[in-house]
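Everything on this sheet refers to the single structure shown next.
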Amino acid sequence: MIERIPFEACPLCDARRFESAAVGDCSSHPLYVRPLSPVMVWKRCCACRHVFTEGHYSEEANRLIFGRANEHQQVGWQIEQQRVTWARAVERVLPHAAVGDWLDVGFGNAALLFTVQEYGFTPVGIDLRADNVQALASLGIEAHRADLAALDFAERFAVISMADVLEHVPFPRPMLRAAHRALAAEGVLFVSMPNMESMVWRALDLQQANPYWGELEHCHNFSRTRLHALLRAEGFEPLRYGISERYRAGMEVVARKR
377 MIERIPFEAC
387 PLCDARRFES
397 AAVGDCSSHP
407 LYVRPLSPVM
417 VWKRCCACRH
427 VFTEGHYSEE
437 ANRLIFGRAN
447 EHQQVGWQIE
457 QQRVTWARAV
467 ERVLPHAAVG
477 DWLDVGFGNA
487 ALLFTVQEYG
497 FTPVGIDLRA
507 DNVQALASLG
517 IEAHRADLAA
527 LDFAERFAVI
537 SMADVLEHVP
547 FPRPMLRAAH
557 RALAAEGVLF
567 VSMPNMESMV
577 WRALDLQQAN
587 PYWGELEHCH
597 NFSRTRLHAL
607 LRAEGFEPLR
617 YGISERYRAG
627 MEVVARKR
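Residues in the sequence shown are numbered from 377 upward in steps of one, following the working numbering.
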């Protein structure tokens, strides 16, 4: 089995000079299965300083990983607790968008969509896991199992959320371009992920306890600086930075389509 397809160039800036960043062990990850290698090798782009894995998983490897889901990725998981947590994230978006269709890319347990529906938005979800899509559709919410770029959503959405998604995608720029096309004029993008510039990240490294070097599903480790630069390059203007309550060292960024 071909496990990983090497990145021949930086997936953000296309530069071809890398240096070693870290080596992680993913063998304790809940989704790890043999014959996948337990070793994750991370590279740093010498041009833009972005950090990414040496390669992204092949389709065959992805079938092994996405054949099942973590409990917290299943529709309806901890629905009451998640409602409260996501409400605070939604309220960061409300000053910039308060009505319309809201698309959540990689909706997972769907708690964000359930919450935005309470606030008056029309929820729409995309996810790679067939069981999740079926479960959400059974609740009367529009759900798709497809890549965002493959769907015809031209200027439909007031808000698109990618909560802990971009770090999973081998090539984030095409996804951001698809989001730009799918957003209405001055629509809002909400993104979240770990922030490797945070002091918490540095402390975890010093303690040799940083879980993200062994995060099986991740292709990237973003910094706030690199994320903001990427968003601007793809036609978004960051409006607000926030601290994620859901993951260690996490950040949340609200940006507007230019």
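All C-beta atoms in this analysis are idealised placements derived from N, C-alpha and C, irrespective of residue type, glycine included.
Remember, it's a predicted structure, so these values are computed and weren't measured experimentally.
Under a 10 Å Cβ-count criterion, ARG505 is classified as buried, with 16 or more other Cβ atoms of the shown protein chains found around its own Cβ. Taking C-beta separations shorter than 7 Å and ignoring five residues to either side along the sequence, the partners of VAL415 in its chain run VAL399 and ASP401, following chain order.
Under the three-state reduction of DSSP, ARG634 is assigned to coil, being neither helix nor strand. Taking a contact as a CB-CB distance under 8 Å, the pair VAL509 and ALA519 counts as one, their CB atoms being some 5 Å apart. Note on geometry: alpha-carbon atoms of ARG624 and ARG410 lie some 27 Å from one another. If the five residues before and after GLU531 are omitted, its C-beta is found closer than 6 Å to the C-beta atoms of ALA560, all from its own chain and listed in chain order.
Sequence-distant partners of VAL451 (beyond 5 residues in either direction) whose C-beta falls short of 7 Å from its own C-beta, in its chain, are ASN485, ALA486, ASN508, ALA511 and LEU512. In this structure, DSSP gives TRP577 a helical state, which the three-state scheme calls helix. Assigned with DSSP and collapsed to three states, PHE490 falls in helix. The beta carbon of LEU407 is closer than 6 Å to those of ILE441 and LEU592 in its chain, skipping five residues each way along the sequence.
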